[in-house]
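Contents: one structure, followed by commentary.
2 protein chains.
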Amino acid sequence: MVTLGDVAARAGVSVSAVSRVLSNHPSARVSEATRCRILQAACELRYRPNFAGRALRSARTRVIGLVVPDLTDALFAELLHGAQDEARERDYMVLLGRSDNLSAGGEVVGRLVGEGRVDGMVVQVGDGVPPAGLGAILASAAPIVLLNSVYEGHVGSVVFDDVEGARLATEHLLRFGHTRIALANGLRRSYTARQRGIGFRSALAEAGLRPAGRAYETRLGYTAADGRGALRRLMNLPEPPTGVVVANVDAAIGLLAEARAAGVRVPRDLSVVSVHDSWTAENTWPPLTAVRMPFSAMGRAAVRAVIARIETGAMTAELVGDPAPELVVRESSTRSRR
Amino acid sequence: MVTLGDVAARAGVSVSAVSRVLSNHPSARVSEATRCRILQAACELRYRPNFAGRALRSARTRVIGLVVPDLTDALFAELLHGAQDEARERDYMVLLGRSDNLSAGGEVVGRLVGEGRVDGMVVQVGDGVPPAGLGAILASAAPIVLLNSVYEGHVGSVVFDDVEGARLATEHLLRFGHTRIALANGLRRSYTARQRGIGFRSALAEAGLRPAGRAYETRLGYTAADGRGALRRLMNLPEPPTGVVVANVDAAIGLLAEARAAGVRVPRDLSVVSVHDSWTAENTWPPLTAVRMPFSAMGRAAVRAVIARIETGAMTAELVGDPAPELVVRESSTRSRR
DNA sequence: TCACTCTGCGCAAACGATTGACCACATGTC
DNA sequence: GACATGTGGTCAATCGTTTGCGCAGAGTGA
């Protein structure tokens, strides 16, 4: 391993001179000739600063942790990409942690922050995590930004405009003349599910429709299996809906598959619109009408927020509105037949 | 931050005593009473060893890097889970790097290893990376294990039994009486694509079928769009195949969607079997018959291999055969009508 | 010439954990 | 009594980087 000392020896100067030159420190008062010798020596020896040495000395790692509950879908990949792009531009790295089922990833947060492996964290809590578990994590006083959830008294969160996303999806069905519209939503305690419920109902209200009743809003979850369950429940109603807003694209994919299996024709018998878009939505049958949410921008915003928290102490509760949620019309939705 | 010194002060001993006790060092000769005091002090102060200090001193991080070209599908998630499970059991962490389009992630390997952020790496090179780029990475003499590709002279790779996987898929179609079977394969230079081609052709040969000709093997790639392209190409042949083996589940999903759009009925007109299974394959229409490959086991094996390389210097070229590839029959394949 | 200031660097002390060397004391052996 | 052995620890060096401080020598103004 090449150290500062090696470079210094080759350039015939002291380690401090090398350090100052290589990190462009303002206090680096060296002649142009010396600077050149140092740079050349570093280049020839392929010097790379040692991460541990630097982190130990400066008590900063320039790494931020990202903890998500699930990464089996393309949405997460987009989020991670945005986060990594933003991090790279600011000379940070992203360390992907794993939030296990138990304790909302509290252990991983403790490890990463407690052992000084990261300077701050972006945490997305799982759908089914009770708020109690969250408190313990946030109590650590470490720079933490929550993703898609807000917690009493914790300012430091980045959320989608889920209300608007759900509203867009609902309005699309309303424009197609649907009046009996269902919502296949996430779990009740999920923050995003609550927001999407609000957007859904407000769109209905604005259209002068009274809510179709509790039974038309399932709250099973965001997985494909949950979407399947939602379809069965909704189509077994005395008056099944003619349109359904699914709060997650993975659930919509399951719902679509279950519709085929149950003989429900989409979009003829049932129009389907999902919140979230991904490459999988283009490849269902029929191709899924979806509201594209800015996952990449959210990743960027989260990293930006946590870096701001680290470097300036500023706390932000940000709503990611740019680019705005956008409806992508495909073939799973059509005009109501009545 | 709580340091060893803080714990030592509270327990009334020296830092070295604390260090030895907390790390269960064999040279820790302390009385039972002292050991207790130290443990209690550490517990009360919530001591956590500082990562940087430890890494600097020991020149080891107990972190291994995982670099993959693409993480938009569920397969990758399974791989990562396996890797993380194995790492955790051996008291390591996994750091997910990003292999950009350019230079096969050579830059990220250089950074992670060069700056001492990781002790070793698991690298899956992208499908379209020419072998030349690989050489540069492997030349760094760092502990690197390749995933699903082998490189001349580099022993340190973990691969699937792709030959067997493709063979299983092909034999399934053969048992159904298909004789005109196509292969929608990955790019020519891809190692896995070559292996899957071998398995495909050997199954045909064992069944006494002569290969149906070059045109029946497309080599477009592993994405959904590539699968769509493969379907169009194959169904435009003078004598379209009645069955197709798709070398990747994402491509199979695209192929299925394109079949619907083109009016090709699956499985009536065309039976489809894919290599790789994932939750998305259960939710296509018709549900996709697939060969389940042991992604989780591969993640574990890769981490095991790189740790072995780090700790004992042992190099391995391993074929992940347990659990063996397994055919999961769903509804996208059926008996040939002739 | 003296007292400054400025330039161009080097010295050395941290940061936190690990570990070989060493020390004081007690006990056992010849 | 001299010596070895064992017990229960402490001391101090080390890893690589950063940074406050100091120190020559050159230049400047009075």
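Chains as they are written, first to last, in my numbering: chain A, 7 to 344; chain B, 7 to 344.
Backbone N, C-alpha and C fix where the C-beta goes; we use that ideal spot for every residue, glycine too.
Being a predicted model, the structure only gives us computed values, none of them experimental.
Asked, Found
"DSSP beta-bridge partners of residue 191 of chain B", "B:225"
"Whole-angstrom C-beta distance between residue 297 of chain B and residue 332 of chain B, which should lie under 8 Å", "7 Å"
"Residue(s) in a DSSP beta bridge with residue 101 of chain B", "B:71"
"Complete alpha helix (DSSP H) runs within the stretch 288-324 of chain A (minimum length 4 residues, chain order)", "301-318"
"Proximity of residue 300 of chain A and residue 337 of chain A at Cβ, strictly below 7 Å", "no"
"For residue 35 of chain B and residue 15 of chain B, the rounded distance between their alpha carbons", "19 Å"
"Close beta carbons around residue 188 of chain A, own chain, < 6 Å, minus the five adjacent residues each side", "222, 240, 247, 250"
"Residue 58 of chain B beta carbon less than 7 Å from that of residue 58 of chain A", "yes"
"Helix, strand or coil at residue 166 of chain A [DSSP, three-state]", "strand"
"contact_flag[the stretch 48-58 of chain B, the stretch 71-91 of chain B] where n(CB pairs < 8 Å) is 3 or more", "no"
"Within-7 Å CB hit, residue 9 of chain A to chain B", "no"
"Members of the stretch 25-58 of chain A near chain B, C-beta cut-off 7 Å", "54, 55, 56, 57, 58"
"Pair within 7 Å by beta-carbon distance, residue 232 of chain A and residue 257 of chain A", "yes"
"Between the CA atoms of residue 201 of chain B and residue 229 of chain A - distance to the nearest angstrom", "34 Å"
"Close-in-space but distant-in-sequence residues of the same chain around residue 178 of chain A (CB under 6 Å, 5 per side omitted)", "279, 333"
"Environment of residue 315 of chain B [buried if 16+ CB atoms lie within 10 Å]", "buried"
"Partner residues on chain A for residue 123 of chain B, Cβ-Cβ distance less than 9 Å", "57, 58, 69, 99"
"Nearest residue (CA-CA) to residue 234 of chain B, options A:289, A:13, A:65, A:148", "A:289"
"Outcome for residue 46 of chain B when other beta-carbon atoms lying within 10 angstroms are tallied against a minimum of 16", "exposed"
"Chain-ordered neighbours of residue 266 of chain B on chain A, where CB pairs are closer than 7 Å", "291"
"DSSP-derived helix/strand/coil call for residue 7 of chain B", "coil"
"From A:73, A:33, A:32, A:40, residue whose alpha carbon lies closest to that of residue 13 of chain A", "A:40"
"Beta bridge counterpart(s) of residue 332 of chain B as assigned by DSSP", "B:298"
"Which listed residue (A:43, A:265, A:129) has its alpha carbon closest to that of residue 104 of chain A", "A:129"
"Buried versus exposed, by CB contacts within 10 Å (16 or more), residue 264 of chain B", "buried"
"Pair within 7 Å by beta-carbon distance, residue 75 of chain A and residue 141 of chain A", "no"
"Backbone secondary structure at residue 214 of chain B - three-state DSSP", "coil"
"Residues, ordered as in the chain, of the stretch 74-93 of chain A that lie near chain B by beta-carbon distance below 9 Å", "76, 77, 78, 79, 80, 82, 83, 84, 86, 87, 90"
"Which of helix, strand or coil DSSP assigns to residue 152 of chain A", "strand"
"Min CB distance residue 142 of chain B to chain A below 7 Å", "no"
"Start-end ranges of the alpha helix (DSSP H) lying completely within the stretch 19-44 of chain A, minimum 4 residues", "21-28"
"Beta-carbon proximity list for residue 108 of chain A, same chain, < 7 Å, skipping 5 on both sides", "Because residue 108 of chain A sits at a pLDDT of 49, beneath the cut-off of 50, its placement in the model cannot be relied upon, and the following sentence gives the value as read from the coordinates. Correct list: empty, nothing qualifies."
"Neighbour list for residue 224 of chain B in chain A, Cβ cutoff strictly below 9 Å", "By Cβ distance, chain A contributes nothing, its closest Cβ being about 18 Å from residue 224 of chain B, past 9 Å."
"Minimum C-alpha distance to residue 267 of chain B - residue among B:238, B:286, B:255", "B:238"
"Proximity of residue 225 of chain B and residue 191 of chain B at Cβ, strictly below 7 Å", "yes"
"Extent of the continuous beta strand (DSSP E) run through residue 251 of chain B", "249-252"
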